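Beneath this line is the structure, given in structure tokens, with notes to follow.
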Amino acid sequence: VYKEFRESDILINRGNKSRLKTLDETRAKVDRFVAICGDMDIKSVTKKDIAKYRDTLLQLPKGKGLSLRGKSIEDQIELAKTNGLDVLSPTTVKNAIKQLSLVFSYAQGLDLIPFNPTFGMKTNNAQKQIEADDTDKGYSSKDIHSLFNDGLFSEKSSFLTYGLACYWIPLLCRYTGARLNEMAQLTHSDIECSEDGIYCIHVRRGDGQTVKTDSSLRRIPISEHLIELGFLEFVNSSQGALFPDIPRGTYGKASSAFSRWWSKRVKSKGIKIAQPAHAFRHAFKTEMRALGITDSISDAITGHASKTEGGRYGSVPLATKKVAIDKLGRLDVVKIY
Numbered sequence: 076v077y078k079e080f081r082e083s084d085i086l087i088n089r090g091n092k093s094r095l096k097t098l099d100e101t102r103a104k105v106d107r108f109v110a111i112c113g114d115m116d117i118k119s120v121t122k123k124d125i126a127k128y129r130d131t132l133l134q135l136p137k138g139k140g141l142s143l144r145g146k147s148i149e150d151q152i153e154l155a156k157t158n159g160l161d162v163l164s165p166t167t168v169k170n171a172i173k174q175l176s177l178v179f180s181y182a183q184g185l186d187l188i189p190f191n192p193t194f195g196m197k198t199n200n201a202q203k204q205i206e207a208d209d210t211d212k213g214y215s216s217k218d219i220h221s222l223f224n225d226g227l228f229s230e231k232s233s234f235l236t237y238g239l240a241c242y243w244i245p246l247l248c249r250y251t252g253a254r255l256n257e258m259a260q261l262t263h264s265d266i267e268c269s270e271d272g273i274y275c276i277h278v279r280r281g282d283g284q285t286v287k288t289d290s291s292l293r294r295i296p297i298s299e300h301l302i303e304l305g306f307l308e309f310v311n312s313s314q315g316a317l318f319p320d321i322p323r324g325t326y327g328k329a330s331s332a333f334s335r336w337w338s339k340r341v342k343s344k345g346i347k348i349a350q351p352a353h354a355f356r357h358a359f360k361t362e363m364r365a366l367g368i369t370d371s372i373s374d375a376i377t378g379h380a381s382k383t384e385g386g387r388y389g390s391v392p393l394a395t396k397k398v399a400i401d402k403l404g405r406l407d408v409v410k411i412y
């Protein structure tokens, strides 16, 4: 059934490489279900089987280390118990069941099964917090200073692993709150000038470019500081992709290799943060709020969907977004282009 689901999905989403990643992840969940419950006829799968899948996942160790390769499900569970290894979190298990659910929903749509046995399967058994969590997933002001107070942003002779992408992409992420892949996949034609004379970045689909959701499709004004640092001159000197030195990953994304490189730089500064690339988005939202910028404006900049019906009416003008972005504290970096 998975094979039929995959073939159908590829036909529907032809050319969408990011969708292939989801399909491969779903295949991994199907394979693990088969390893746990057996390769049974989909018509015979019951909620009890899904519960067995869930409860088994909750006992499996995290990671894919050499010590786990080739080991049976039972041996992996025993290894986790014996060595006190961290096991899969309820959230990870919940997401695994969601991906498995795609195949059952496909089968239900073809009338192969009367209902989806994954529906209503609870996994969230985590303990509730007993006090407020004031930690931030984004960079602090101290982190930002440490990251950009670096030879990478002040010395023209710095060795750049992926060319000028190493200079421009962190700056772009900081001044836009954009996703790493949105910036890494930019082309010369994505940099535009509006009728009002506002230079902006056009985040779009097509020509090998992808976005996470429809709300991600947007135009982001370019910070005045980026213009002063020579970003427009850099764009005008390029043709096609702005950052061609970044290798494309298995699913066509330019962000995978760059993300690993940036994570190493962040760790080298002694900064401990779960998602080093995504932390720019969190930091951007936090700074916008500190500046008194409404979420409706910052959401329009970052591409977050509005959470209210009223918020989905109208739009935020480029000029309004530009004013907000230019209020961000200026980084102490040197023009190297």
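In the working numbering, the protein residues as written are 76 to 412.
Every residue gets a Cβ at the ideal spot worked out from N, C-alpha and C, and that includes glycine.
Keep in mind that this is a model prediction, so the values were computed, not measured.
For residue j and residue i, believed in contact at Cβ under 8 Å, the rounded distance
i    : j    : result
I400 : P296 : 6 Å
K397 : I273 : 6 Å
A380 : T285 : Incorrect: roughly 17 Å between the Cβ atoms, too far for contact.
P322 : S338 : Contact flag wrong, Cβ pair sits at about 16 Å.
D161 : P136 : 7 Å
G305 : H263 : The pair is not a contact, with the Cβ atoms about 15 Å apart (cut-off 8 Å).
E278 : S291 : The displayed chain sequence assigns Val, not Glu, to residue 278. Contact flag correct, Cβ pair sits at about 6 Å.
A126 : M196 : 7 Å
T101 : Q174 : 5 Å
R294 : L393 : 6 Å
A182 : V76  : 5 Å
V408 : F228 : 4 Å
I172 : T198 : 7 Å
D320 : G238 : 4 Å
L403 : E362 : 6 Å
L317 : L261 : 5 Å
Three-way DSSP call (helix, strand, coil) for residue i in this model
i    : result
I372 : helix
P245 : helix
Y326 : coil
E100 : helix
A316 : strand
E270 : coil
I302 : helix
T395 : helix
R335 : helix
T251 : helix
L366 : coil
Y181 : helix
Q350 : coil
L307 : helix
I188 : coil
E230 : coil
I411 : coil
L95  : helix
D150 : helix
R89  : coil
K217 : helix
Y388 : coil
D289 : helix
Y128 : helix
Residues that DSSP places opposite residue i in a beta bridge
i    : result
Q284 : G281
V162 : P136
T262 : A316
P296 : C275
Burial state of residue i (16 or more Cβ within 10 Å)
i    : result
K410 : exposed
S119 : exposed
I87  : exposed
C241 : buried
Y388 : exposed
C413 : The chain is shown only over 76 to 412; residue 413 falls outside these bounds and no answer can be derived.
F333 : buried
N191 : buried
Y412 : exposed
E79  : exposed
D116 : exposed
K382 : exposed
A349 : exposed
D186 : exposed
D374 : buried
N256 : buried
G367 : exposed
S176 : buried
T193 : buried
Check: Is the region 300 to 318 in contact with the region 103 to 114, if contact means three or more CB pairs nearer than 8 Å?
Finding: Output reads no: the region 103 to 114 does not touch the region 300 to 318.
Margin query: Could you check whether the region 88 to 102 touches the region 322 to 340, counting it as contact only if at least three pairs of C-beta atoms, one from each stretch, sit closer than 8 Å?
Written below: Because the criterion of three Cβ pairs below 8 Å is met, the region 88 to 102 and the region 322 to 340 touch.
Check: Do the region 239 to 254 and the region 342 to 359 make contact, defined as three or more Cβ pairs closer than 8 Å?
Finding: In short, these stretches touch, since the Cβ pair count reaches three.
Margin query: Can you confirm whether the region 145 to 155 touches the region 216 to 223 when touching is taken to mean that 3 or more C-beta pairs between the two stretches lie within less than 8 Å?
Written below: With the cut-off at 8 Å, the region 216 to 223 and the region 145 to 155 do not touch.
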